[in-house]
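In my numbering, the protein residues as written are 139 to 1069.
Down below is the structure, laid out as structure tokens.
See below:
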């Protein structure tokens, strides 16, 4: 039997229309843009029957998690950023399910994410894809075309409209684009039409309600996903004839939580509040009801929150919010007694206000407590993942001696561990632990939900890795007991480069434990490459001006810790005339002419380039809002300057890339770069010299596909040469040409996907690679390990030079739709990932080109490069995963640490693909396989 205390009250509104405008920032309504472009909405806010609020969204500020927050009142996890690409059905208790269960007829038009989240919930719907960001008009016209017909009908209770055009404009052109004003005016006219229609159909019994909101805001670059004020603050308007007409001066809208909407709408529609909601009832919406009804509404909300607290907190009775709620409940009971006695005095009213205040304080405390505790972590699955990751890292570290030996061996001997007694004992023990954990776990566990076949496979993998590690450790101890033919090098043989590599790598890894260092990680990489340039300048001075009798450098950082140093020391450094004296005579062979001074100037020129790149894009968090050269270029007043810069950049890209391409590839590259400029001119980013006045803007699909043809042609030509060199004949020259053409094709693709103001980043990338190859690495004769680390560092720095950060908002989603007429998932994901990680990718492929082209290097150089690159990526990822697990209750876990973890995860996949390509191109490896 249901108590009167918890019985669901009747609905307050007959029809409810929710208009969700994607990426509607609060200042688009309450600021100057609202006054200019949304006059009707602004008039209702200032003088109409409405209540206006600023709703604060929690990161990640992407569409699908925000819809879940709006409809369930709960705080979604950060994994929803990934799930956002292909949303599964929402199984949690939510407003839409409650409305359907209560017999409400729901109609939906707009973003098809709703259709995926709530399948079979709508009596009528028309979904449009949210990912084709080049579409500004049709995506909204498909929603609006249904309006006139639906508003005339009476066969619905809840109408939901989700408009995407504003979000798409933000992604492509930014929040200050003239297109934003046009779109806001369009939205204002739609809201006017809906409001007038609702007023005309209103009955005396129950009023109608119009809700206007945004799912998230928009950053200053037009993107979203992070936690800046522009991204998390959205307007929330309740418009109904039942509200009191506004009078007096306009005040600043009150700040509420986005999750509060679910509770408020549930009360308004006469539905149960969602089970997992952490939201509070927005009291002004029900402020016109009697005191008894208001107290009943807030008590229902408090009862639901206290029940959720009991389910999630063992010691819930000691929670301040729960204690406040119980006190308010007792006061409420006293108020009810006075009310039933017929006491209508002022004392009853004052007591009612006091009880209401107690309830609101309890709701606020309960909601705050639940928001911190409701995140349930699957610790067992997390620990299994951490164990596997740390085992792989430890195996990589223990494999350093053989991997950097003259044969570049990295083969894990699995046969002995798999047939050892230890392997079976460990496997049996892990299976027993798995059974105990899964049978005693109270909450849902991902690893426990796997099939037994899969779970046992994971246990066997952990056991095999553990046995492999123990076997590797045993071999190292055995080798240490053997007499060493040549003594281990002393610490004095460490060069400045080696010390910098070790200190920089360790320092970067340690910095990942601080939220400020994660937010401003670009500063770490800028500092490291600047320091590297200074050390390289010192090495060049020593190489050119000091006596050459003794040269103490060229020892890799990690090699000194192992006894096999004599076997692989400097095995991949080019030799001169195959003589043992090559190392001491190579410096003397270096030309003393103009190249000497260019070489000495190279580190300083690179420093200047890096400083210019820092001014192009402000990134991070603290200074991201500061104006930069990129913002100046992208403003509509400076389109001519941007066009000139883009044209010059494309010309320089051609001259820097074409030098090692075949004639056919040179022609294809020239035509492709011309197509890049034509594409940017077609979509209105740049102009041709002969172009006067405004030109019709298109999506540039034909021009982009024209470029894709040449990208595929150049990559295909390079792949053909690579296959010839690998299968038909071992021609290193053909292999080098093939690799460079593949690299050139990727450069052309990056030029197409980069925004025009970012083309100088690509130019400086190619320029620095050319200078370091010719004037630094070859004269100084660094080994493959050192050169790999330098490539990795510069790749990381260029990731941030592009304007990227560790926040989701800096991902340029529009790059995934260049040349596409509609949303196609796999190409869109590939293009977006490539555009985001173009810097690290191009430096990694250049590393392979460089190591393969140096014919005088040992054949193991490519293997060394592959191993060092994998190690440099694995070390920070493994440590960061452990740190994030330990910091899972940190204040900034969702806004800082989780986005970084997502970036690291994607980067690991890209690194795995790069290492596979390295392995395929490694002649040394292929010969061993054949043998």
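The beta-carbon is built from N, C-alpha and C at its ideal position, and this holds for glycine as well.
Owing to the predicted nature of the structure, the values given are computational and were not obtained by experimental measurement.
From which residue to which residue does the alpha helix (DSSP H) around residue i run?
i, result
"residue 1024", "999-1024"
"residue 470", "458-478"
"residue 662", "659-683"
"residue 639", "634-649"
"residue 972", "963-974"
"residue 572", "559-578"
"residue 875", "870-891"
"residue 542", "From DSSP, residue 542 is part of no alpha helix (DSSP H); its letter is neither H nor E."
"residue 333", "316-338"
"residue 812", "801-820"
"residue 839", "839-861"
Between the beta-carbon of residue i and the beta-carbon of residue j, is there less than 8 angstroms?
i, j, result
"residue 403", "residue 443", "no"
"residue 909", "residue 791", "no"
"residue 304", "residue 159", "yes"
"residue 201", "residue 278", "no"
"residue 947", "residue 361", "yes"
"residue 254", "residue 227", "yes"
"residue 288", "residue 301", "no"
"residue 1058", "residue 1002", "no"
"residue 1018", "residue 1042", "yes"
"residue 424", "residue 397", "no"
"residue 274", "residue 307", "yes"
"residue 419", "residue 436", "yes"
"residue 537", "residue 610", "yes"
"residue 374", "residue 151", "no"
"residue 754", "residue 899", "yes"
Between residue i and residue j, what straight-line distance do the alpha-carbon atoms span, to the nearest angstrom?
i, j, result
"residue 145", "residue 406", "14 angstroms"
"residue 148", "residue 408", "5 angstroms"
"residue 804", "residue 895", "24 angstroms"
"residue 917", "residue 848", "36 angstroms"
"residue 577", "residue 588", "13 angstroms"
"residue 206", "residue 231", "10 angstroms"
"residue 410", "residue 776", "55 angstroms"
"residue 421", "residue 458", "22 angstroms"
"residue 1049", "residue 983", "11 angstroms"
"residue 914", "residue 633", "16 angstroms"
"residue 651", "residue 1022", "8 angstroms"
"residue 705", "residue 608", "At residue 705 the pLDDT is 39, less than 50, meaning the model places this residue with poor confidence and gives no usable figure here."
"residue 293", "residue 257", "20 angstroms"
"residue 683", "residue 796", "35 angstroms"
"residue 671", "residue 741", "5 angstroms"
Going by C-alpha to C-alpha distance, which of the options sits closest to residue i?
i, options, result
"residue 881", "988, 598, 482 and 323", "988"
"residue 953", "437, 992 and 887", "887"
"residue 564", "542, 537 and 600", "600"
"residue 787", "905, 883 and 756", "905"
"residue 842", "876, 765, 957 and 668", "957"
"residue 1054", "1041, 1033, 1019 and 986", "986"
"residue 326", "212, 179, 297 and 930", "179"
"residue 97", "371, 1013, 500 and 229", "Residue 97 is absent from the model: the chain starts at 139 and stops at 1069."
"residue 399", "542, 944 and 192", "192"
"residue 768", "756, 491 and 967", "756"
"residue 524", "1031, 1015 and 1045", "1015"
"residue 298", "262, 247 and 264", "247"
Starting from residue i, follow the beta strand (DSSP E) in both directions and report where the run begins and ends.
i, result
"residue 188", "188-194"
"residue 263", "262-266"
"residue 373", "371-377"
"residue 395", "392-395"
"residue 249", "244-249"
"residue 300", "296-301"
If you measure from the CB of residue i, is any heavy atom of the ligand HEM nearer than 7 angstroms?
i, result
"residue 636", "The ligand HEM is not among the ligands present in this structure, which contains no ligands whatsoever."
Shorter than 8 angstroms from the beta carbon of residue i to some beta carbon of chain B?
i, result
"residue 348", "Considering every chain present, this structure includes no chain B. It has just one protein chain."
- Item | Stretch-stretch touch, CB-based, cutoff 8 angstroms, three pairs: the segment 459-474 with the segment 510-530 | As far as the Cβ criterion goes, the segment 459-474 does not touch the segment 510-530, which means the pair count is below three.
- For the segment 774-781 against the segment 808-828, are there 3 or more C-beta pairs whose distance is under 8 angstroms? The segment 774-781 is in contact with the segment 808-828.
- Do three or more CB pairs link the segment 660-669 to the segment 920-939 at distances below 8 angstroms? Contact between the segment 660-669 and the segment 920-939 is present, because at least three Cβ pairs lie under 8 angstroms.
- Message: With three or more beta-carbon pairs closer than 8 angstroms as the criterion, would you say the segment 568-576 touches the segment 639-646?
- Response: No contact exists between the segment 568-576 and the segment 639-646.
- Query: Looking at C-beta atoms only, is the number of pairs between the segment 317-333 and the segment 162-177 that lie closer than 8 angstroms three or more?
  - Reply: Taking 8 angstroms as the limit for Cβ pairs, the verdict is that the segment 162-177 does touch the segment 317-333.
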